[in-house]
Amino acid sequence: MTREIWIIDDERTIRDSLSQTLDIEGFHSRAFSNAKDALENLNVTFEGVIVSDINMPQMDGMTFLSKALDVDPELSIVMLTGHGDISTAVSAMRQGAYDFLEKPFSTDTLLDVIKRGTDKRQLVMENRELKRQLETQSAPGPRILGNADSVKQLRRTIFYLKDQNGDVLLQGERGTGKELAARFIHDQGTRQDEPFVALKCRQVPEALIAMELFGSEQQAYASFPSYKNSKVAAAGKGTLFLDGIEALSLIVQEKLATLTESSERPRIIASTRLDLTNSVTQGHFSIRLFQNLAETTLIFPPLRDRSEDVVTLCQNFVRTTASRFGIAPPKLELEHKEKLLKHPWKGNVRELQAFAERWVLMGEQNLTTENGESNEKEHDSLAERILKVERAILFDALNRHNGMLKEVQIELGLARKTLYAKLKKHHLDKQNFKG
Numbered sequence: 003m004t005r006e007i008w009i010i011d012d013e014r015t016i017r018d019s020l021s022q023t024l025d026i027e028g029f030h031s032r033a034f035s036n037a038k039d040a041l042e043n044l045n046v047t048f049e050g051v052i053v054s055d056i057n058m059p060q061m062d063g064m065t066f067l068s069k070a071l072d073v074d075p076e077l078s079i080v081m082l083t084g085h086g087d088i089s090t091a092v093s094a095m096r097q098g099a100y101d102f103l104e105k106p107f108s109t110d111t112l113l114d115v116i117k118r119g120t121d122k123r124q125l126v127m128e129n130r131e132l133k134r135q136l137e138t139q140s141a142p143g144p145r146i147l148g149n150a151d152s153v154k155q156l157r158r159t160i161f162y163l164k165d166q167n168g169d170v171l172l173q174g175e176r177g178t179g180k181e182l183a184a185r186f187i188h189d190q191g192t193r194q195d196e197p198f199v200a201l202k203c204r205q206v207p208e209a210l211i212a213m214e215l216f217g218s219e220q221q222a223y224a225s226f227p228s229y230k231n232s233k234v235a236a237a238g239k240g241t242l243f244l245d246g247i248e249a250l251s252l253i254v255q256e257k258l259a260t261l262t263e264s265s266e267r268p269r270i271i272a273s274t275r276l277d278l279t280n281s282v283t284q285g286h287f288s289i290r291l292f293q294n295l296a297e298t299t300l301i302f303p304p305l306r307d308r309s310e311d312v313v314t315l316c317q318n319f320v321r322t323t324a325s326r327f328g329i330a331p332p333k334l335e336l337e338h339k340e341k342l343l344k345h346p347w348k349g350n351v352r353e354l355q356a357f358a359e360r361w362v363l364m365g366e367q368n369l370t371t372e373n374g375e376s377n378e379k380e381h382d383s384l385a386e387r388i389l390k391v392e393r394a395i396l397f398d399a400l401n402r403h404n405g406m407l408k409e410v411q412i413e414l415g416l417a418r419k420t421l422y423a424k425l426k427k428h429h430l431d432k433q434n435f436k437g
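Counting in the numbering used here, the sequence shown runs from 3 upward without gaps.
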């Protein structure tokens with residue numbers, strides 16, 4: 003984004019000259035003939051640089067500087083001074099001006115000061131945004147980060163639902179935060195002292211899913227099952243989280259609908275990547291179960307629909323990962339941010355988090371570009387590249403499963419002994435992924 007440069011000078015020729023120079027160099031300039039008008043338009047969201055003359059009628063530059071810094075003490079303000087006014091310029095620097103330019107000055111000198119001032123202001127704004135995000139993350143509430151209106155509304159609704167007892171349907175693409183929301187609703191709600199039991203419906207074979215949910219085969223298909231030795235029994239009066247509920251067969255869906263209509267049971271929080279309205283219309287999903295669950299439906303927006311959050315989220319993941327491993331975080335330059343915004347993020351926030359973690363732990367040369375091409379070093383051998391990919395896959399799986407090795411085993415299809423050997427080879431400790 004092109005930052006705006008404000009020019010404040012009572013001489014029109016100077017305003018026009020500076021505006022033309024800045025516009026030619028790719029900046030967006032805005033000129034004011036007096037400091038009072040500029041001050042009325044100024045607020046803490048201003049992201050650019052202000053270039054102000056010192057000697058002006060009505061309100062001089064020093065008065066403007068003082069009042070502007072009252073609005074925001076970290077503004078980048080460059081003062082213009084005539085020959086012989088160096089002492090005034092030094093006083094302005096002491097008062098909080100970013101720099102000063104003595105007339106006449108060259109275009110290169112002006113552009114150098116503007117660029118440095120812009121970089122400084124950008125860093126200030128980024129640090130403020132990171133602080134807001136970290137405060138949001140550490141505050142009580144669902145850790146679904148972002149400032150898009152849809153995300154803010156989602157957080158408010160989730161916070162409300164934690165104190166309710168009704169079943170909930172979470173709808174959204176993979177990696178949008180559905181499981182985070184389910185865990186928050188349970189952990190902070192009225193059932194927090196009861197079990198939270200999760201079942202990933204897509205990972206259990208269709209022939210076994212009924213027994214997983216309802217117990218033995220006889221119990222699973224009985225008219226009034228007792229649910230012994232089942233996920234339902236394990237959840238008790240707590241929460242049963244069914245991830246990927248659309249993968250259940252219609253027979254199991256109907257049995258689950260019966261469960262949702264009983265009183266002594268766990269709270270059901272179900273998630274889906276599909277619009278179940280269409281599935282019901284097509285006869286692929288139980289109308290009764292849909293009606294019982296969909297009374298409270300939360301829609302999780304994909305990352306591509308809230309692009310304003312992409313850079314902020316990446317900065318947060320980079321900083322928290324670096325802090326967790328005690329290493330310096332890489333800096334997001336303009337070229338990085340442009341690539342982040344161009345990438346489709348089909349895996350949504352989960353993909354972005356894995357990307358940030360690989361960047362911190364493996365370096366920029368191992369990242370993937372928006373075209374899906376690897377930035378491998380030319381001298382990396384095939385074996386070295388395979389090792390890096392293997393480590394990234396293990397890291398991602400450990401992160402998503404919170405260090406639960408059994409779940410990592412199932413997902414990656416590895417024997418326990420093989421998994422331990424690979425973790426040791428890549429210096430990955432499951433304890434670093436828990437919590």
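C-beta atoms are modelled at their ideal positions from N, C-alpha and C, and glycine is treated no differently.
Under 8 Å, do residue i and residue j count as touching if we go by C-beta distance?
i: glutamate 6; j: glycine 63; result: no
i: arginine 193; j: valine 234; result: no
i: valine 206; j: glutamate 214; result: yes
i: aspartate 12; j: aspartate 55; result: yes
i: isoleucine 270; j: threonine 283; result: no
i: valine 320; j: alanine 358; result: yes
i: cysteine 203; j: aspartate 165; result: no
i: phenylalanine 302; j: leucine 172; result: yes
i: leucine 300; j: isoleucine 160; result: yes
i: alanine 37; j: methionine 58; result: yes
i: glycine 148; j: valine 199; result: no
i: lysine 105; j: threonine 83; result: yes
i: valine 351; j: threonine 178; result: yes
i: glutamate 256; j: arginine 290; result: yes
i: glutamate 297; j: glycine 191; result: no
i: arginine 306; j: tryptophan 347; result: yes
i: leucine 421; j: glutamine 433; result: no
i: asparagine 401; j: alanine 356; result: yes
i: threonine 111; j: threonine 23; result: no
Thinking just about the alpha-carbon of each residue, which of the options is nearest to the one in residue i?
i: lysine 344; options: Arg352, Val313, Ile52; result: Val313
i: leucine 250; options: Phe292, Leu396, Asn231; result: Phe292
i: glycine 366; options: Ala236, Ser232, Pro332; result: It should be noted that the sequence gives glutamate, not glycine, for residue 366. Among Ala236, Ser232, Pro332, the Cα nearest to that of glutamate 366 is on Pro332.
i: isoleucine 10; options: Gly405, Ser35, Gln60; result: Ser35
i: leucine 389; options: Met364, Val351, Thr47, Leu82; result: Met364
i: lysine 162; options: Ser152, Phe186, Arg176; result: Reading the sequence as shown, one finds tyrosine at residue 162 and not lysine. When each option's Cα is compared against that of tyrosine 162, the closest is Phe186.
i: leucine 441; options: Met95, Arg275, Leu295; result: Beyond the ends of the chain as shown, which are 3 and 437, falls residue 441; an answer cannot be given.
i: glycine 217; options: Ser232, Leu210, Glu208, Ala209; result: Ser232
i: alanine 272; options: Ile16, Lys180, Glu27; result: Lys180
i: threonine 47; options: Gly28, Arg402, Glu76; result: Glu76
i: valine 126; options: Phe107, Ser108, Tyr100; result: Tyr100
DSSP state of residue i, grouped into three classes?
i: glutamine 255; result: helix
i: leucine 147; result: coil
i: histidine 345; result: coil
i: alanine 417; result: coil
i: phenylalanine 186; result: helix
i: alanine 330; result: coil
i: aspartate 25; result: helix
i: lysine 164; result: coil
i: glutamate 372; result: With a pLDDT of only 39 at glutamate 372, under 50, the local geometry of the prediction cannot be trusted, and the value read off the model is given with reservation. Of the three classes helix, strand and coil, the one that applies to glutamate 372 here is coil, per DSSP.
i: glycine 191; result: coil
i: alanine 423; result: helix
i: leucine 300; result: strand
i: valine 153; result: helix
i: glycine 217; result: coil
i: aspartate 87; result: coil
i: methionine 406; result: coil
i: methionine 61; result: coil
i: threonine 159; result: helix
i: phenylalanine 435; result: helix
i: glutamine 284; result: coil
Strictly by DSSP, which residues pair up with residue i?
i: threonine 274; result: Gln173
i: methionine 81; result: Ser54, Phe102
i: isoleucine 16; result: Answer is none; isoleucine 16 lacks a bridge partner.
i: leucine 244; result: Leu201, Ala272
i: isoleucine 412; result: In DSSP, isoleucine 412 forms no bridge with anything.
i: serine 31; result: Ile7
i: threonine 322; result: Looking at the DSSP assignment, threonine 322 forms no beta bridge with any residue, so it has no partner.
Kindly examine the ligand SAM and report whether one of its heavy atoms sits closer than 7 Å to the Cβ of residue i.
i: arginine 290; result: In terms of ligand content, the structure shown is empty, and the ligand SAM therefore cannot be addressed.
By a C-beta neighbour count over all protein chains shown, 10 Å radius and 16 as the cutoff for buried, is residue i buried or exposed?
i: serine 68; result: exposed
i: leucine 342; result: buried
i: phenylalanine 66; result: buried
i: glutamate 248; result: buried
i: asparagine 318; result: buried
i: glycine 174; result: buried
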